[in-house]
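Same order as they appear, the protein sequences are chains A and B.
Reminder that position 183 of the first sequence reads as 183 in the numbering used here, one-by-one numbering, no gaps.
Reminder that position 297 of the second sequence reads as 657 in the numbering used here, one-by-one numbering, no gaps.
Built from N, CA and C at the ideal position, the CB exists for glycine as well.
Source: prediction; values computed, not measured.
One structure is given here, and the rest of the page talks about it.
Number of protein chains: 2
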Amino acid sequence: MKNNYAVIMAGGVGSRFWPVSRNSYPKQFIDILGTGKSLLQLTYQRFLKIFPAENIFIVTNIAYVDLVKEQIKGIDPKQILAEPIARNTAPCIAYASQKIARLNPKANCIVAPSDHLITDEKAFLDTLQTGLQFTAKNDALLTLGIMPHKPDTGYGYIQYLKGKDGGEKIGKVKTFTEKPSLEIAKKFLESGDFLWNAGIFVWRNSVLRQAMETHMPDIYKVFQKASKFFDTDKEAENILDAYSKCPNISIDYGLMEKADNVYVLPSDFGWSDLGTWGALYELRDKDEHGNAAGDGKIFMYDSRNCLVKTSPGKLVVIKGINNAIIVETDDVLLVCSQTKEQEIKQIVTDIKLKFGDTYI
Amino acid sequence: MKNNYAVIMAGGVGSRFWPVSRNSYPKQFIDILGTGKSLLQLTYQRFLKIFPAENIFIVTNIAYVDLVKEQIKGIDPKQILAEPIARNTAPCIAYASQKIARLNPKANCIVAPSDHLITDEKAFLDTLQTGLQFTAKNDALLTLGIMPHKPDTGYGYIQYLKGKDGGEKIGKVKTFTEKPSLEIAKKFLESGDFLWNAGIFVWRNSVLRQAMETHMPDIYKVFQKASKFFDTDKEAENILDAYSKCPNISIDYGLMEKADNVYVLPSDFGWSDLGTWGALYELRDKDEHGNAAGDGKIFMYDSRNCLVKTSPGKLVVIKGINNAIIVETDDVLLVCSQTKEQEIKQIVTDIKLKFGDTYI
Numbered sequence: 001m002k003n004n005y006a007v008i009m010a011g012g013v014g015s016r017f018w019p020v021s022r023n024s025y026p027k028q029f030i031d032i033l034g035t036g037k038s039l040l041q042l043t044y045q046r047f048l049k050i051f052p053a054e055n056i057f058i059v060t061n062i063a064y065v066d067l068v069k070e071q072i073k074g075i076d077p078k079q080i081l082a083e084p085i086a087r088n089t090a091p092c093i094a095y096a097s098q099k100i101a102r103l104n105p106k107a108n109c110i111v112a113p114s115d116h117l118i119t120d121e122k123a124f125l126d127t128l129q130t131g132l133q134f135t136a137k138n139d140a141l142l143t144l145g146i147m148p149h150k151p152d153t154g155y156g157y158i159q160y161l162k163g164k165d166g167g168e169k170i171g172k173v174k175t176f177t178e179k180p181s182l183e184i185a186k187k188f189l190e191s192g193d194f195l196w197n198a199g200i201f202v203w204r205n206s207v208l209r210q211a212m213e214t215h216m217p218d219i220y221k222v223f224q225k226a227s228k229f230f231d232t233d234k235e236a237e238n239i240l241d242a243y244s245k246c247p248n249i250s251i252d253y254g255l256m257e258k259a260d261n262v263y264v265l266p267s268d269f270g271w272s273d274l275g276t277w278g279a280l281y282e283l284r285d286k287d288e289h290g291n292a293a294g295d296g297k298i299f300m301y302d303s304r305n306c307l308v309k310t311s312p313g314k315l316v317v318i319k320g321i322n323n324a325i326i327v328e329t330d331d332v333l334l335v336c337s338q339t340k341e342q343e344i345k346q347i348v349t350d351i352k353l354k355f356g357d358t359y360i
Numbered sequence: 361m362k363n364n365y366a367v368i369m370a371g372g373v374g375s376r377f378w379p380v381s382r383n384s385y386p387k388q389f390i391d392i393l394g395t396g397k398s399l400l401q402l403t404y405q406r407f408l409k410i411f412p413a414e415n416i417f418i419v420t421n422i423a424y425v426d427l428v429k430e431q432i433k434g435i436d437p438k439q440i441l442a443e444p445i446a447r448n449t450a451p452c453i454a455y456a457s458q459k460i461a462r463l464n465p466k467a468n469c470i471v472a473p474s475d476h477l478i479t480d481e482k483a484f485l486d487t488l489q490t491g492l493q494f495t496a497k498n499d500a501l502l503t504l505g506i507m508p509h510k511p512d513t514g515y516g517y518i519q520y521l522k523g524k525d526g527g528e529k530i531g532k533v534k535t536f537t538e539k540p541s542l543e544i545a546k547k548f549l550e551s552g553d554f555l556w557n558a559g560i561f562v563w564r565n566s567v568l569r570q571a572m573e574t575h576m577p578d579i580y581k582v583f584q585k586a587s588k589f590f591d592t593d594k595e596a597e598n599i600l601d602a603y604s605k606c607p608n609i610s611i612d613y614g615l616m617e618k619a620d621n622v623y624v625l626p627s628d629f630g631w632s633d634l635g636t637w638g639a640l641y642e643l644r645d646k647d648e649h650g651n652a653a654g655d656g657k658i659f660m661y662d663s664r665n666c667l668v669k670t671s672p673g674k675l676v677v678i679k680g681i682n683n684a685i686i687v688e689t690d691d692v693l694l695v696c697s698q699t700k701e702q703e704i705k706q707i708v709t710d711i712k713l714k715f716g717d718t719y720i
């Protein structure tokens with residue numbers, strides 16, 4: 001267990017869940033489920049069950065370091081890696097990988113986003129153990145593939161060879177496919193050869209480093225160079241230099257689609273990337289009229305299938321309204337038809353053009 | 361003109377226009393039309409065009425005296441009559457009548473609510489002049505009756521004898537009818553003998569006093585008794601005593617339905633009592649999609665026939681929502697179907713039962 005490490009990626013600034021999620025307070029720091037815990041806190045606490053605290057790293061934007069400290073009480077500041085610039089997942093993982101390499105050459109790692117929902121914690125932890133056992137023995141880049149239960153067009157898909165080259169369950173990856181059309185997504189589902197790409201990875205750190213050196217050598221090298229200054233007062237300056245030399249690139253595109261030792265572990269632990277208000281609505285507890293309104297002073301009359309999330313203390317009356325997403329913060333009110341909620345992202349772009357970052 | 365007086369009744373605490381209108385800040389003090397002026401300010405400024413400022417009295421609850429002073433800049437405090445208890449319109453009018461009687465025995469008066477909408481100011485002022493000319497010559501209690509243009513079930517109706525006993529236009533009143541059913545309202549409209557009761561009255565003060573002495577002598581007498589202390593430091597105390605002895609009764613019920621010298625002047629000046637959000641929606645300027653959203657940071661996408669009124673500075677996005685009333689204040693959010701808005705009053709009652717006056 002002391003060789004097992006977890007890297008939580010918590011740098012996102014996404015406009016999903018606007019207007020609750022903001023550049024200054026993004027999704028992973030929000031109690032979006034109404035459980036009293038943020039998604040980051042839920043993710044961290046899950047990992048604490050099978051990783052020692054000193055083996056859990058959180059990579060986040062420098063702007064959110066204080067938020068991480070506030071939400072993960074007592075965390076050793078050394079466990080927080082601050083990204084000076086947002087450059088997608090490849091530089092993030094390269095940085096964490098160099099950090100861990102200095103601590104433990106035998107490290108076996110999980111890398112996971114901080115802002116996903118996992119409802120079956122036991123299945124998730126069992127899956128991680130299976131994955132870690134596999135990568136402990138195999139020079140593999142393993143990704144978790146979620147068993148799809150509908151032809152979702154919002155996810156990337158992984159095509160794999162069942163049961164080949166990977167023991168009983170784990171399969172070798174054939175292709176990665178970006179968000180497909182509905183028609184293609186349906187065919188993927190029918191074929192049974194496709195899984196959802198959850199962006200959760202398992203690998204020995206040494207295997208990852210070798211693959212990065214081969215497939216994304218520029219990024220690998222800038223962090224290797226910077227690593228000489230880790231844990232000195234020159235770390236921040238050298239990390240800034242490294243990030244400024246990195247392209248904006250995902251680990252999927254930079255590494256996973258190129259390497260040939262990529263495997264997938266079919267998984268089923270109640271996962272959602274919580275990508276939209278609609279996805280959240282589907283997952284929230286609902287009353288007998290299909291309303292997910294939570295515990296506030298929210299009064300629903302003659303209304304069905306509404307998601308309501310408003311600022312604390314606000315008295316809310318919803319009367320004769322169906323299939324709506326109603327979200328209110330101190331400075332923004334959003335009332336959106338459930339059928340139109342995919343278009344919120346475009347609206348956020350419009351508002352940014354008009355008002356800059358004020359409401360973003 | 362120096363004999364002409366106006367009494368503006370501004371004591372209402374109604375729950376109409378909740379949650380914008382509150383007990384502490386009721387409808388008449390709100391810029392409900394988005395014109396930059398409250399309904400009281402609009403009413404006062406209309407009367408200023410044909411009445412000297414010193415002949416305009418505002419009767420309001422003692423709790424709103426400061427609001428009146430704030431909104432009607434420079435008003436002489438003597439022009440504000442403070443009601444210590446809300447007792448409907450009969451005591452209000454009896455108090456004002458005693459006040460005016462001390463100033464001018466020849467006073468010819470208009471009495472009007474502060475919170476109605478009048479869109480055709482010229483027609484309104486012409487109507488008032490017609491009314492004042494009539495009451496100057498006749499010992500009549502005159503009420504303005506609005507020419508109905510739809511079978512509205514929210515108004516009281518006045519049945520009258522056209523052109524009889526009242527000169528060319530003015531008619532003698534036969535009956536007052538409270539809010540009718542739709543069926544009856546349709547019949548009223550067809551008959552052509554019915555007008556809407558606007559609660560705007562014209563009379564010589566001496567004629568009013570005589571009628572009150574006859575038909576509501578108890579109320580008349582307590583204010584006559586109190587009037588000895590007017591403009592002394594004992595006025596407030598004696599007015600409190602007078603109000604505490606008054607029943608809660610309207611001038612319609614207490615006087616107009618009983619007296620036999622009651623006349624009505626058929627009128628048409630773009631009137632609405634602005635009784636509900638729906639009534640306001642009908643009157644507001646609307647964009648090409650039927651939305652009345654005003655000038656705030658309000659963005660409507662794929663939405664039709666919505667009324668939106670939110671707190672200043674709030675960014676509002678409405679997407680894919682039709683036929684809704686969306687009203688937000690610092691502490692309340694209301695999202696209500698246009699077809700259900702008549703039921704807001706019941707909801708306000710529910711909320712009062714639950715939270716007392718906090719949100720009322």
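When 8 Å is used as the limit between beta carbons, S697 (chain B) is near these residues of chain A: D302, K319, G320, I321, in chain order.
Annotated as proximal: N197 (chain A) and Y155 (chain A), with beta-carbon spacing under 8 Å.
In this structure, the CA atom of P247 (chain A) is about 38 Å from the CA atom of K674 (chain B).
Close to T709 (chain B), with beta-carbon spacing below 7 Å, lies no residue of chain A; the smallest spacing is near 12 Å.
In this structure, DSSP gives N108 (chain A) an extended state, which the three-state scheme calls strand.
Put simply, the segment 200 to 207 of chain A does not touch the segment 33 to 48 of chain A. Fewer than three CB pairs are less than 8 Å apart. Judged by pairs of C-beta atoms under 8 Å, the segment 137 to 149 of chain A touches the segment 247 to 265 of chain A, as three or more such pairs exist. Residue range 89 to 103 is occupied by the alpha helix (DSSP H) that includes P91 (chain A). Sequence-distant partners of Q224 (chain A) (beyond 5 residues in either direction) whose C-beta falls short of 7 Å from its own C-beta, in its chain, are Q98. Using beta-carbon distances, K314 (chain A) counts as an interface residue toward chain B, with a partner under 8 Å. Taking 8 Å as the upper bound for CB-CB distance, A652 (chain B) and Y641 (chain B) are in contact here, some 6 Å apart. Per DSSP, V582 (chain B) lies in no beta strand (DSSP E); the unbroken alpha helix (DSSP H) holding it starts and ends at 577 to 586.
Residues of the same chain with a CB within less than 6 Å of the CB of G680 (chain B), apart from the 5 flanking positions on each side, are D662 in chain order.
Going by C-alpha positions, G74 (chain A) is about 13 Å away from L67 (chain A). In the same chain as I658 (chain B), and ignoring 5 residues on each side of it, the C-beta atoms closer than 6 Å to its own belong to V668, V676, in chain order.
Straight-line spacing of the CA atoms in L42 (chain A) and T119 (chain A) works out to 10 Å.
Counting C-beta atoms within 10 angstroms of its own C-beta, M256 (chain A) has 16 or more neighbours from the protein chains shown and is therefore classed as buried. Shown here, G36 (chain A) sits in coil according to DSSP, grouped into three states, outside any helix or strand. Of all alpha-carbon atoms in A:A10, A:W18, A:G199, A:E237, the one lying nearest the alpha-carbon of W277 (chain A) is that of A:W18. Against chain A, the CB of T636 (chain B) has no partner CB under 8 Å away; the residue lies outside that interface.
For Y157 (chain A), the CB contacts under 6 Å within the same chain, skipping 5 residues up- and downstream, are T177, F188, F194 in chain order. Within the segment 412 to 441 of chain B, no residue places its CB atom closer than 8 Å to a CB of chain A. Bounds of any alpha helix (DSSP H) do not take in A140 (chain A), whose DSSP letter is neither H nor E. A residue is called buried once 16 or more other Cβ atoms fall within 10 Å of its Cβ, and A107 (chain A) is buried on that count. In the structure shown, R204 (chain A) falls within a strand segment according to DSSP collapsed to helix, strand and coil.
The three-state secondary structure of L634 (chain B), taken from DSSP, is coil. Nearest CB-CB separation between Y5 (chain A) and chain B: not below the 8 Å threshold. Contact between E341 (chain A) and I325 (chain A) holds, since their C-beta atoms are separated by about 6 Å, short of 8 Å.
Under the Cβ criterion (8 Å, minimum of three pairs), the segment 596 to 603 of chain B counts as touching the segment 442 to 453 of chain B. Take the alpha-carbon of T127 (chain A) and the one of I251 (chain A): they are about 21 Å apart. Close to chain A, meaning a Cβ-Cβ distance shorter than 8 Å, are the following residues of the segment 683 to 695 of chain B: A684, I686, E688, D691, V692, L693, L694, V695. Counting only residues of its own chain and dropping the five nearest sequence neighbours on each side, R102 (chain A) has a CB closer than 7 Å to the CB of S227, F230. Straight through space, the alpha carbons of P437 (chain B) and T513 (chain B) are spaced by roughly 39 Å. Rounded to whole angstroms, the separation of the alpha carbons of G656 (chain B) and P672 (chain B) is 7 Å.
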